[in-house]
Structure formats: C-alpha cells, structure tokens
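Under UniProt numbering, residues 1 to 443 are what the sequence shown spells out, in order.
Glycine included, every Cβ here is placed at the ideal spot set by N, Cα and C.
If you're wondering where the values come from, they're calculated on a predicted model, not measured in any experiment.
Let me begin by presenting the structure, written as structure tokens, before commenting on it.
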Amino acid sequence: MDYDVMIIGGGISGLTLAVKLGQNNIKTLLVEKDKKSGLIYKGELLQPKSLEILDRINMLELVKENGFSLPSIQFYEYDQKADQTMTQLSANEFRYDLIDSPYNTSLMIPHEKLKELLFIEASKYESVDYIQPAKFTGFTDEEPQHKKAIIQTKEGERKIHASFYIGAEGRASPTRTAMEVDMKNTKYNHHFLTVSFPRPDSLNQSTIITTQNKFVGLFPLPNNEVRSVLLIKPGEFKTMREEGLESFYRAYCELMPELEGYVHQIDTWKKIQLMIPVRHNVSSYVKDNMILTGDAAHSVHPMAGEGMNLAIQDSDVLGELLCWMFKTNQTEWSQLEWYEKVRKPRAEYVSRLSHQAALLYSFPYRAWQKLRIKGVKQTEHSLSLHYKQMLNTSGLGIWKFNLVDRMKQAGLLPVKAGRVKISDKKKEKIMFSTYDDYPWYRK
Ligand SMILES: Cc1cc2nc3c(=O)[nH]c(=O)nc-3n(C[C@H](O)[C@H](O)[C@H](O)COP(=O)(O)OP(=O)(O)OC[C@H]3O[C@@H](n4cnc5c(N)ncnc54)[C@H](O)[C@@H]3O)c2cc1C
Numbered sequence: 001m002d003y004d005v006m007i008i009g010g011g012i013s014g015l016t017l018a019v020k021l022g023q024n025n026i027k028t029l030l031v032e033k034d035k036k037s038g039l040i041y042k043g044e045l046l047q048p049k050s051l052e053i054l055d056r057i058n059m060l061e062l063v064k065e066n067g068f069s070l071p072s073i074q075f076y077e078y079d080q081k082a083d084q085t086m087t088q089l090s091a092n093e094f095r096y097d098l099i100d101s102p103y104n105t106s107l108m109i110p111h112e113k114l115k116e117l118l119f120i121e122a123s124k125y126e127s128v129d130y131i132q133p134a135k136f137t138g139f140t141d142e143e144p145q146h147k148k149a150i151i152q153t154k155e156g157e158r159k160i161h162a163s164f165y166i167g168a169e170g171r172a173s174p175t176r177t178a179m180e181v182d183m184k185n186t187k188y189n190h191h192f193l194t195v196s197f198p199r200p201d202s203l204n205q206s207t208i209i210t211t212q213n214k215f216v217g218l219f220p221l222p223n224n225e226v227r228s229v230l231l232i233k234p235g236e237f238k239t240m241r242e243e244g245l246e247s248f249y250r251a252y253c254e255l256m257p258e259l260e261g262y263v264h265q266i267d268t269w270k271k272i273q274l275m276i277p278v279r280h281n282v283s284s285y286v287k288d289n290m291i292l293t294g295d296a297a298h299s300v301h302p303m304a305g306e307g308m309n310l311a312i313q314d315s316d317v318l319g320e321l322l323c324w325m326f327k328t329n330q331t332e333w334s335q336l337e338w339y340e341k342v343r344k345p346r347a348e349y350v351s352r353l354s355h356q357a358a359l360l361y362s363f364p365y366r367a368w369q370k371l372r373i374k375g376v377k378q379t380e381h382s383l384s385l386h387y388k389q390m391l392n393t394s395g396l397g398i399w400k401f402n403l404v405d406r407m408k409q410a411g412l413l414p415v416k417a418g419r420v421k422i423s424d425k426k427k428e429k430i431m432f433s434t435y436d437d438y439p440w441y442r443k
C-alpha cells in the first residue's frame with residue numbers, strides 16, 4: 001500500500017503531525033521502533049505557542065485537565081558560605097501574563113501522558129496507520145520519487161512507498177543521515193540529573209535556585225509532583241552514586257530545605273536519569289521528499305524548556321503545509337521550502353537564546369553570578385526587556401534583543417521601570433499571525 005506521508009518516529013513531533021494529518025484525512029503511516037517508551041523524563045513544559053497549537057487541533061482542554069499551569073518563573077540567587085549557611089542575594093519573577101494572548105501561561109504535563117493523548121487522538125482517524133515496533137533502517141537505492149523506506153518489523157523486513165518521508169526520529173536520525181545534511185554541534189561543560197518526586201504545596205511555581213556553583217530547577221507537575229533538574233559536573237554522577245543517595249538529597253535540601261522528606265521519597269538511583277545537554281542545528285530541513293522535524297533537525301539546551309515545543313511547532317507548520325499541498329493538488333516538492341522558510345529561522349533563534357541562557361549558568365565564578373543577578377533583575381524591571389524575554393520564550397512571536405538591550409541587561413545602561421505601552425502596530429510586527437505561521441495561504 002502506498003501512503004501520502006510516512007512519519008518515522010512516534011515521539012511528540014511524529015504524533016502531533018499524525019494528528020494534524022489524520023484530522024485532514026491524509027493517508028499516513030507512522031512507525032515507531034520502541035515497543036514501549038524507554039526514557040522516563042523528556043520535555044514536559046509546554047510553552048504558550050504549543051498551547052495555541054493544541055487548541056487548533058482541539059486538544060487544549062484535555063491537555064489542561066492533565067497538566068499544571070505555571071504562569072511565571074521565579075529566580076532565587078543565594079550566597080553559600082563554607083559552613084553551608086545561605087544568604088539570599090536576589091529574588092525575581094518572569095511572567096508570561098505580560099504577553100497579550102489568551103495562551104499566556106506555560107503548562108507542565110508528563111511527557112508520556114502527552115504522547116498518550118496525542119496517540120489516542122491520532123488513532124481515531126482511519127487514514128492513520130501505526131506500526132510499533134518497526135525500525136526504519138534506510139531507503140532503497142532508487143530514484144528519489146520511487147525510493148521506498150525499509151523497516152524492520154516483528155514479521156520481517158518491509159518496504160514502504162510514500163509521497164513524503166518525515167524524519168521525526170529524535171537526536172539520532174537515520175533520515176538525516178540519508179539526506180546527507182551538515183550539522184553543527186555544541187557540547188556543554190555540565191550535565192543534569194533529572195527526576196520527579198512529591199512536592200510541598202508551597203512549591204507551585206517554576207522555581208530556579210542558584211548559588212555561585214549550584215543550580216536546581218523545580219517545575220511542578222499535576223498530582224502534587226515536581227520535576228527537577230540538578231546541574232552537576234561531568235563525572236559527578238558516578239561519585240554521587242558511590243557516596244549514596246544522601247549526597248543527592250543533600251544537593252536539593254541545601255538549596256531548598258522545604259524539600260526535606262519529599263526528595264527523600266526517591267529510594268533508588270534507577271529513578272534518577274542522567275541528561276547530557278547538546279545543541280545541534282542542521283543546514284537544511286528538506287531534501288527532495290524527505291523532511292526533518294523536532295530533535296532530528298535541532299536539539300536545544302534544555303535550560304529554556306524549548307525542545308519539545310520546537311518539535312510541536314515544526315509539526316504544526318509542516319502538517320498544515322502538507323494538508324494544503326494535498327488539498328490543492330500542489331504536491332511538488334518545491335512547496336516544502338515554505339516549511340523551512342518558516343521554521344528554520346525561528347528554531348535557530350530559540351536555540352541561540354537557550355544556548356545563551358545555558359551559558360549564564362555554566363561558569364562557577366562570583367563575577368559570573370553577579371552578572372547573572374544583574375541581567376535577571378534588569379530584565380524583570382524593564383517592561384520591554386521583560387516582554388521580549390517572555391515573548392521569545394513563548395513561541396508566540398519574536399522581538400529580538402539588540403545591543404542596547406544586552407547593555408541594559410549587563411547594567412551598562414539604565415533601564416526604565418514601569419509600564420511601557422506596546423502599540424498595536426508594534427504587536428502586529430512581533431506576534432506571529434496565521435499568515436506568518438502559514439505564509440502559503442497568502443498566495
Ligand atoms: C533525557 C532528555 C531530557 C529532556 N528534557 C527536556 C526538558 O526538560 N524540556 C524540553 O523542552 N525538552 C527536553 N528534552 C528534549 C525533548 O524531549 C525533545 O526536544 C522532544 O522530545 C523532541 O521530540 P521528537 O519527537 O523530535 O523526538 P523524540 O522525543 O526523541 O522522539 C523520537 C522517536 O523516534 C523513535 N525512533 C528513533 N529512531 C527510529 C527509527 N530508526 N525507526 C523508528 N522510530 C525511531 C524513537 O524511539 C522516539 O520515540 C529532553 C530530551 C532528553 C533526551
């Protein structure tokens with residue numbers, strides 16, 4: 001059987017695309033290599049743009065019922081003395097509700113829950129077939145329009161023909177290899193440990209607590225849980241394991257004593273996952289009828305909580321484009337350029353911002369901490385910097401930081417506190433309209 005679209009990879013990106021194509025009756029095959037999910041912790045924070053997209057596919061209410069809304073991010077900086085006493089140096093808050101949009105909040109939902117909801121929705125549509133486990137290994141050696149995807153299933157090898165092949169396989173993407181695109185990689189000088197555990201009621205906002213050389217991020221989940229990320233040095237996981245779980249509990253409770261008795265409910269290292277941040281961006285998202293989405297195209301440092309959101313946003317734009325191509329009989333491959341035109345600059349900008357945010361927490365020096373405190377404070381105090389920060393993070397638009405902004409954040413120029421009126425004309429320029437998301441409709 002021939003398909004219009006074959007999606008390789010049943011992660012958030014592949015599933016979001018399957019929902020969009022299913023809702024528009026496009027003949028789609030989705031293949032997923034794993035029998036069941038392996039990693040417990042992946043992206044869980046939905047940014048405002050992802051909420052808007054979930055609304056467009058009529059899934060927002062369901063996602064909200066299973067999620068925990070987080071309208072702000074709190075930042076606390078401490079000075080930790082040699083005797084471990086802590087003195088608070090600063091407390092600041094970044095707020096999503098500055099953005100003029102009905103989706104001006106973030107929302108935490110367990111990654112596997114979101115996948116389950118998307119899978120159930122995609123399965124409702126007869127035009128969507130799903131094979132799991134089925135591992136894609138490469139393409140047959142034929143002319144691009146005739147080539148088939150080779151998959152290994154329980155019943156043996158199968159060859160599948162589709163008009164379009166979507167590489168949604170995450171960081172290690174065989175479709176990307178077949179496309180022979182260039183890829184730029186960035187590594188970081190730190191790793192993270194990540195785990196969810198029960199939380200005190202008082203911990204009900206995204207919270208980042210740092211000292212000169214320590215970092216913990218706490219993101220409340222539904223069911224009184226919290227997802228946490230603890231920054232460690234490469235190799236430190238091994239030493240901590242040798243020391244025992246006490247060293248893990250200590251790392252949290254030193255920074256937030258209220259976690260005493262909560263983090264302790266993690267009773268085995270098996271529940272704690274090592275996360276090695278990497279950043280990559282490919283030179284092109286499209287070649288012939290092969291297209292990359294999500295982590296296959298770009299992996300971002302997790303500091304700004306964007307990875308999963310970029311995956312959803314890619315699939316929204318690509319899904320809308322493919323549906324339009326099939327509906328209007330304009331299935332020539334050159335139309336795919338629209339997808340790259342919209343998504344590549346946006347994803348690259350967010351990737352750069354996430355990288356810069358990561359650098360702010362990468363160096364354990366007193367001067368670096370001072371600079372960070374200054375930057376966060378100035379951003380919070382200036383409405384335009386605050387607005388830019390939240391808009392760029394939200395995915396609802398882009399208002400780029402310029403040199404003057406960076407000088408203000410570094411404390412080299414003063415900031416004006418209070419209300420800055422952002423005109424409707426300006427908002428029109430910086431917020432993405434439907435035509436910005438789907439510019440082919442303008443033709
Ligand atoms: C450990 C870890 C922690 C993370 N934490 C965060 C976070 O806190 N916040 C955040 O925003 N992002 C985080 N991310 C990133 C985020 O999870 C990803 O950006 C997002 O899941 C990307 O979705 P995706 O669908 O593109 O890829 P994936 O979620 O990786 O899905 C790819 C799917 O393709 C399947 N697949 C792979 N190869 C094949 C093949 N050959 N044939 C068939 N199927 C295949 C895989 O099994 C997988 O199911 C994290 C990632 C990791 C790995």
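Original post:
Residue range of the beta strand (DSSP E) that Ala149 falls in?
Top reply: Ala149 to Thr153
Original post:
For the 8 Å Cβ check, are there 3 or more pairs between the stretch 341–359 and the stretch 307–325?
Top reply: yes
Original post:
Would you say the beta carbon of Ser13 comes nearer than 7 Å to a heavy atom of ligand 3?
Top reply: Among the ligands present in this structure, namely ligand 1, ligand 3 is not found.
**OP:** Please determine, among Asp2, Arg279, Leu321 and Ile272, the residue with the shortest C-alpha to C-alpha distance to Ile291.
**Re:** Leu321
Original post:
Going along the chain, which residues of its own chain have a beta-carbon closer than 8 Å to the beta-carbon of residue 458, five neighbours each way excluded?
Top reply: No answer is possible for residue 458: the residues shown for the chain start at 1 and end at 443.
Original post:
Between which two residues does the beta strand (DSSP E) containing Gln47 stretch?
Top reply: First-last for Gln47: undefined, no H or E at that position.
Original post:
What is the rounded straight-line gap between the Cα of Glu260 and the Cα of Ile209?
Top reply: 16 Å
Original post:
Using a threshold of 7 Å, is the CB atom of Met275 nearer than that to any non-hydrogen atom of ligand 1?
Top reply: yes
**OP:** Look at the alpha carbon of Thr207 and the alpha carbon of Thr16, and state the distance between them as a whole number of angstroms.
**Re:** Their backbone Cα atoms lie some 29 Å apart in a straight line.
**OP:** Just confirm the distance between the C-beta atoms of Asn309 and Leu46, as a whole number of angstroms; I'd bet it's less than 8 Å.
**Re:** 7 Å
Original post:
What does a CB cutoff of less than 6 Å around Trp269 pick up in its chain, not counting 5 residues either side in sequence?
Top reply: Arg241
Original post:
At which residues does the beta strand (DSSP E) containing Tyr130 begin and terminate?
Top reply: Counting along the chain, the beta strand (DSSP E) containing Tyr130 begins and ends at Val128 to Ile131.
**OP:** Go ahead and label Gly375 buried or exposed: buried means 16 or more other beta carbons lie within 10 angstroms of its beta carbon, across all protein chains shown.
**Re:** Of the other Cβ atoms in all chains shown, 16 or more fall within 10 Å of the Cβ of Gly375; this residue is therefore buried.
Subject >> Same chain only: Cβ atoms within 7 Å of Thr140, ignoring 5 sequence neighbours per side >> reply: Lys147, Lys148, Ile150 and Lys159
Original post:
CA-CA distance, Gly395 and Val404?
Top reply: Their Cα atoms are separated by approximately 23 Å.
Original post:
Which residues in the same chain have their Cβ closer than 6 Å to the Cβ of His280, if we skip the five residues on either side of it in sequence?
Top reply: The residues are Met183, Asn185 and Ser299.
Original post:
What's the C-alpha gap between Thr393 and Glu142?
Top reply: 43 Å
Original post:
Straight-line CA distance for Tyr435 to Glu126?
Top reply: Distance between the alpha carbons of Tyr435 and Glu126 is about 30 Å.
Subject >> Where the beta strand (DSSP E) through Val216 begins and ends >> reply: Its beta strand (DSSP E) spans residues Phe215 to Leu221.
**OP:** Identify whether Leu274 lies in helix, strand or coil by the three-state DSSP scheme.
**Re:** strand
Original post:
When DSSP builds the beta bridges, which residues end up paired with Phe94?
Top reply: Beta bridge pairing from DSSP links Phe94 with Ile73.
**OP:** Along the alpha helix (DSSP H) that carries Val376, what are the first and last residues, could you check?
**Re:** Arg366 to His381
**OP:** Using the DSSP secondary-structure output, state which residues sit across from Thr194 in a beta bridge.
**Re:** Val229 and Gln273
Original post:
I think Ile398 touches Ile430, with their Cβ atoms under 8 Å apart; what is that distance to the nearest whole Å?
Top reply: 7 Å
Subject >> Arg158 - containing beta strand (DSSP E), residue span >> reply: Gly156 to Ile160
**OP:** Find out if the Cβ-Cβ distance for the pair Pro302, Met275 is shorter than 8 Å.
**Re:** Yes, these two residues count as a Cβ contact at 8 Å.
Subject >> Which listed residue (Lys42, Val63, Glu44 and Gly43) has its alpha carbon closest to that of Glu52 >> reply: Val63
Original post:
Residues bridged to Ser299 by DSSP?
Top reply: His280
Subject >> Closer than 8 Å to chain C by CB, Tyr78 >> reply: Given the protein chain composition of this structure (a single chain), no chain C is represented.
**OP:** Report buried or exposed for Pro174, applying the criterion of at least 16 other Cβ atoms within 10 angstroms of its Cβ.
**Re:** buried
Original post:
Counting Cβ pairs closer than 8 Å, one from the stretch 60–74 and one from the stretch 193–200, do we hit at least three?
Top reply: no
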